[in-house]
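K.L.:
Please find one structure pasted underneath; my questions will follow.
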Amino acid sequence: MAVDLHKFANPARFLRITSAIFPWAAIVTVLLLAVGLYLALFASPEDYQQGATVRIMFVHVPAAWMAMSIYVMMAISSATGLIWKHPVADLSAKAAAPIGACFTFLALVTGSLWGQPMWGTFWVWDARLTSMLILFFLYLGYMAIWGSFDDQSKAGKAAAILVLIGAINVPIIKFSVDWWNTLHQPASVATMDGPKIHSSILTPLLVMGLAYTSLFLTIFIIRVKAEILGRRLRILRLAHVED
Amino acid sequence: MNKFTNLIIRDIRLAVRQGSAFTMTLSFFVVAVTLYPLGVGPELNILARIGPGVLWVGALLSCLLTLDRIFQADFEDGSLDQLMLGSLPIELMTLAKIIAHWLTSVVPLILITPILAVSLNMPADGIWVMMLALLVGSPVLSLIGAVGAGLTVGMRRGGVLLSLLVLPLYIPVLIFGVAAVEAAIAVLPMGPHILLLAGLSLGALVICPIAAAAALRLAVE
Amino acid sequence: MSLTAINLRCIRQDRLIFTDLGFSLKAGEILWVQGRNGAGKSSLLRMIAGLLKPVSGEIQWKGASVKEDPDGYQDQFRYIGHQEALKPVLSARENLQFWADFSGSHNVSAALKEFDLEKIADSPVGIMSAGQKKRTNLARLISSPAPLWILDEPISSLDTHYIELFKKQLEKHVAAGGMALLATHQDLNLPSVHKLDLDGPRGRNNE
Chain A
-8 MAVDLHKFAN
2 PARFLRITSA
12 IFPWAAIVTV
22 LLLAVGLYLA
32 LFASPEDYQQ
42 GATVRIMFVH
52 VPAAWMAMSI
62 YVMMAISSAT
72 GLIWKHPVAD
82 LSAKAAAPIG
92 ACFTFLALVT
102 GSLWGQPMWG
112 TFWVWDARLT
122 SMLILFFLYL
132 GYMAIWGSFD
142 DQSKAGKAAA
152 ILVLIGAINV
162 PIIKFSVDWW
172 NTLHQPASVA
182 TMDGPKIHSS
192 ILTPLLVMGL
202 AYTSLFLTIF
212 IIRVKAEILG
222 RRLRILRLAH
232 VED
Chain B
384 MNKFTNLIIR
394 DIRLAVRQGS
404 AFTMTLSFFV
414 VAVTLYPLGV
424 GPELNILARI
434 GPGVLWVGAL
444 LSCLLTLDRI
454 FQADFEDGSL
464 DQLMLGSLPI
474 ELMTLAKIIA
484 HWLTSVVPLI
494 LITPILAVSL
504 NMPADGIWVM
514 MLALLVGSPV
524 LSLIGAVGAG
534 LTVGMRRGGV
544 LLSLLVLPLY
554 IPVLIFGVAA
564 VEAAIAVLPM
574 GPHILLLAGL
584 SLGALVICPI
594 AAAAALRLAV
604 E
Chain C
133 MSLTAINLRC
143 IRQDRLIFTD
153 LGFSLKAGEI
163 LWVQGRNGAG
173 KSSLLRMIAG
183 LLKPVSGEIQ
193 WKGASVKEDP
203 DGYQDQFRYI
213 GHQEALKPVL
223 SARENLQFWA
233 DFSGSHNVSA
243 ALKEFDLEKI
253 ADSPVGIMSA
263 GQKKRTNLAR
273 LISSPAPLWI
283 LDEPISSLDT
293 HYIELFKKQL
303 EKHVAAGGMA
313 LLATHQDLNL
323 PSVHKLDLDG
333 PRGRNNE
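Residue numbers (this note's numbering), protein chains in the order written: chain A, -8 to 234; chain B, 384 to 604; chain C, 133 to 339.
Quick look at the structure:
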């Protein structure tokens, strides 16, 4: 056996725990999504100005929450990887990135679908949408750097440095984009600041947020598993070549 | 400190002797800015309106093209190994190279800006503030750029990746930089924008050499 | 003065290069690292120079781990890699002067003399031959002296005359109590040299 498996001993425990969680996460996701979508799309009141269009918000806003929190989670995970050199840390950041990018993309698409009836155009350089777009670029860069290294452990460290710098920058970017938007705000345009918080609206939002979180968890477990097994496969192949 | 300045002087000397590096970046900046009037039409009002943005974006892109110069040559000829092994802490070594990059690649861009600004029909007040804003904000370009350059050093086709990594992080500088110039043109106070740019530069000065040094340690492994 | 490596393990791209590798080197000794391509000669040398972190194991200088005083250790060796670390637009003298300043020493003219570079010292490195560049790079050993020389393929692209000259320098260095860690394909025929064979039981090739 060419390479020590001790480096991958930790993943064994990780795999065991996540395998136990996985079916529950999947069930909870289905339930929450069903309830959340019913509350959001049928039970919630229509807005007196926006009509049924306001219901896009229930898909859009939690997706934007997820987009931000997954990036933060990746940064924390990468910091853990850099400091304590835990082998699963880098892999879990890597596994989370495409899911985060998908949520960002969902937020962008639903945002522009909402914008069509509101603004009369699919894209307005609204502060929130613009920040989302930049966040999407950050996700793309993160995924690209993983693909650009042959050595996966090097790729992990490089991606960790990048995501940490990115995480420091995210609030600055958010602030600068808001600033830019107030400077250039044309008068009397509806903004995407979301509906006014009211309990009939808050409940579906929160349920959808939880549904997305458990959806994330479900896909995340599959992806981390795939990463760990992929890494093992690579090592076995190398051993095969060398023997 | 002596080694620090020595390294800056070496990099400047290399840039001067290679010569072509200066002129190529400058030419790119001029050509890129020239494309805008050709693209949007020569109406002076429109040009004056988009001038600050055009100049800042042009400066950003020109700077981007020079980033691989910070570490690439040293990486390829083995000098980077030796620089890492010197008694100068790697973070300071990185900072010295960043300063040299800023002096040789970014400052020339700032110096040529007034001429381009005039060609875009920018009022005189705007031109001075444009230069001030570039002077205060452009160190961020070299600093953040060095992190990206460190991460992509030694990569085949690193250039495209570098721009994908670095450009989104340049956005705050772009926003505050353009806002400062537009404020000055509209005879509004531009102080806050300049201070924000200075804040960005100082923040980047603290964080980026450390991150770039970490990236370089990875690169020489 | 001694250099000791204990149980070094090197993994590159998930591939085990060597493991449980150890050696020790005392003042006045030369260690010749042998091995096929890919056996990890360069990796080992970079590890000793601190550029590459061992996955496990320890490197000791004078009996203390180099991690305790990395800066102090860095002054104790000179690493000469595959690449020449010379700038083509600068002359040999300017190149050497920069590296000498960077390591805080100033024996440039002596170094140029020892390696027979005086005549070409002021021409730009860019127009020199491969052998001349190599000699300029090796001259750093004299211009920035250090007790331990870590030399990765120091004689590639040198002709026999200059190989002899380099051997004389090496012997002088060791005779004066220096140490050298050397990776070459060619046998240098040095009289007393310790050997470390990476193709042996420590390497992956014999597992």
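Idealized CB from N, CA, C, for every residue including glycine.
I want to verify the contact list: residues of chain C whose CB lies under 7 Å from the CB of Gly469 of chain B, in sequence order.
P.N.:
Residues of chain C passing the Cβ test: Phe234, Ser235.
K.L.:
Evaluate Gln264 of chain C with the Cβ neighbour count: other Cβ atoms within 10 Å of its Cβ, from every protein chain shown; 16 or more gives buried, anything less gives exposed.
P.N.:
Classification of Gln264 of chain C: buried, given that the 10 Å Cβ count is 16 or more.
K.L.:
In the DSSP assignment, the alpha helix (DSSP H) including Asp329 of chain C goes from what residue to what residue?
P.N.:
Where Asp329 of chain C is concerned, there is no enclosing alpha helix (DSSP H), although the beta strand (DSSP E) it sits in stretches over 326 to 329.
K.L.:
Where DSSP assigns a beta bridge to Leu282 of chain C, which residues make up the other side?
P.N.:
In the sequence under discussion, the amino acid at residue 282 of chain C is Ile, which differs from the Leu named in the question. DSSP output for Ile282 of chain C lists C:Tyr211, C:Leu313 as bridge partner(s).
K.L.:
Could you please tell me which residues of the region 33 to 67 of chain A, in chain order, have their CB closer than 8 Å to any CB of chain B?
P.N.:
Going along the region 33 to 67 of chain A in chain order, one finds no residue with a Cβ nearer than 8 Å to chain B.
K.L.:
Would you say Leu163 of chain C and His326 of chain C are within 7 Å of each other, going by their C-beta atoms?
P.N.:
Yes.
K.L.:
Of all the residues that make up the region 208 to 229 of chain A, which are near chain C by a beta-carbon distance shorter than 8 Å?
P.N.:
Of all residues in the region 208 to 229 of chain A, Arg222, Arg225, Ile226, Leu229 have a Cβ within less than 8 Å of some Cβ in chain C.
K.L.:
Counting only C-beta atoms, is Pro555 of chain B closer than 7 Å to chain A at any point?
P.N.:
Cβ-Cβ to chain A under 7 Å: yes for Pro555 of chain B.
K.L.:
Excluding the five sequence neighbours on either side, which residues of its own chain have a C-beta within less than 6 Å of the C-beta of Val440 of chain B, listed in chain order?
P.N.:
Excluding residues within five positions, none has a Cβ falling inside 6 Å.
K.L.:
Give me the chain B residues within the contact set of Leu153 of chain A, using Cβ-Cβ distance strictly less than 7 Å, ordered along the chain.
P.N.:
What Leu153 of chain A touches in chain B: Leu534, Leu548.
K.L.:
Does Trp164 of chain C come out as helix, strand or coil in the three-state DSSP assignment?
P.N.:
Here Trp164 of chain C sits in strand by DSSP.
K.L.:
Please name the residues in the region 577 to 594 of chain B whose beta-carbon is closer than 9 Å to at least one beta-carbon of chain A, in chain order.
P.N.:
For the region 577 to 594 of chain B, which is checked against every Cβ of chain A, the residues closer than 9 Å are Leu579, Leu583, Gly586, Ile590, Cys591, Ala594.
K.L.:
Where Gly106 of chain A and Ala31 of chain A are concerned, what is the direct C-alpha to C-alpha distance, given to the nearest angstrom?
P.N.:
Computed Cα separation, rounded: 18 Å.
K.L.:
Would you verify that the beta carbon of Asp142 of chain A is, or is not, closer than 7 Å to some beta carbon of chain C?
P.N.:
At least one chain C Cβ lies under 7 Å of Asp142 of chain A.
K.L.:
Let me check understanding here. Comparing Cα to Cα, which of B:Ala587, B:Leu450, B:Ser502, B:Leu478 lies closest to Leu544 of chain B?
P.N.:
Residue B:Leu450 is the option with its Cα nearest to Leu544 of chain B.
K.L.:
Does Pro195 of chain A pass the burial test, meaning 16 or more other C-beta atoms within 10 Å, or should it be called exposed?
P.N.:
Under this definition Pro195 of chain A is a buried residue.
K.L.:
Of the residues that make up the region 151 to 177 of chain C, which ones have a beta carbon closer than 8 Å to any beta carbon in chain B?
P.N.:
From the region 151 to 177 of chain C, no residue has a Cβ closer than 8 Å to chain B.
K.L.:
DSSP state of Asp152 of chain C, grouped into three classes?
P.N.:
It is a strand residue.
K.L.:
To which residues of the same chain is Gly309 of chain C closer than 6 Å at the C-beta, ignoring the five residues directly before and after it?
P.N.:
Ala159, Gly160, listed in sequence order.
K.L.:
Grouping DSSP H, G and I as helix and E and B as strand, with all else coil, what is Asn139 of chain C?
P.N.:
Residue state, collapsed to three classes: strand.
K.L.:
I'd like to check one pair, Glu604 of chain B with Pro435 of chain B: are the Cβ atoms closer than 7 Å?
P.N.:
Cβ distance not < 7 Å, so Pro435 of chain B and Glu604 of chain B don't count as in contact.
K.L.:
What is the DSSP secondary structure of Ala196 of chain C, reduced to helix, strand or coil?
P.N.:
DSSP places Ala196 of chain C in strand when its eight states are reduced to three.
K.L.:
Would a check of beta-carbon distances place Trp116 of chain A closer than 7 Å to chain B?
P.N.:
Chain B, which has no Cβ nearer than 7 Å to the Cβ of Trp116 of chain A, makes this no.
K.L.:
Buried or exposed: which applies to Phe247 of chain C, given that a residue is buried once 16 or more other Cβ atoms fall within 10 Å of its Cβ?
P.N.:
The residue is buried, with at least 16 neighbouring Cβ atoms inside 10 Å.
K.L.:
With a Cβ-Cβ cutoff of 7 Å, do Asp146 of chain C and Arg225 of chain A count as a contact?
P.N.:
Yes; because the gap between Cβ atoms is below 7 Å, this pair is in contact.
K.L.:
Check Ile191 of chain C in the structure and name its three-state DSSP category.
P.N.:
Strand at Ile191 of chain C.
K.L.:
Based on the DSSP secondary-structure assignment, which residues constitute the bridge partners of Lys299 of chain C?
P.N.:
According to DSSP, Lys299 of chain C bridges with nothing at all.
K.L.:
Please name the residue or residues paired with Ser205 of chain A in a DSSP beta bridge.
P.N.:
Looking at the DSSP assignment, Ser205 of chain A forms no beta bridge with any residue, so it has no partner.
K.L.:
Going by alpha carbons, who is nearest to Lys245 of chain C out of C:Ser275, C:Ala262, C:Gly236?
P.N.:
Minimum Cα distance to Lys245 of chain C is reached at C:Ser275.
K.L.:
Mind pulling the alpha helix (DSSP H) runs of 4 or more residues that sit fully within the region -2 to 83 of chain A?
P.N.:
As far as the region -2 to 83 of chain A is concerned, its whole alpha helix (DSSP H) runs of at least 4 residues are 0 to 29, 47 to 75.
K.L.:
State yes or no: is the C-beta of Leu518 of chain B within less than 7 Å of the C-beta of Ile498 of chain B?
P.N.:
No. Outside cutoff.
K.L.:
Taking Gln455 of chain B as the query, report the chain C residues whose CB atoms sit under 8 Å from its CB, ordered along the chain.
P.N.:
By Cβ distance, chain C contributes nothing, its closest Cβ being about 13 Å from Gln455 of chain B, past 8 Å.
K.L.:
Less than 7 Å between the beta carbons of Ile481 of chain B and Ser546 of chain B, yes or no?
P.N.:
In this structure, Ser546 of chain B does not lie closer than 7 Å to Ile481 of chain B by Cβ.
K.L.:
Starting from Gly258 of chain C, trace the alpha helix (DSSP H) both ways and give me its first and last residue.
P.N.:
No alpha helix (DSSP H) holds Gly258 of chain C; DSSP gives it neither H nor E.
K.L.:
Among A:Gly221, A:Trp114, A:Trp56, A:Ser60, which residue has its Cα nearest to the Cα of Gln143 of chain A?
P.N.:
When only C-alpha atoms are compared, the closest one is A:Gly221.
K.L.:
Take Met64 of chain A and list the residues in its own chain whose beta-carbon comes closer than 7 Å to its own, dropping the five residues that flank it on each side.
P.N.:
Cβ within range, chain order: Ala87.
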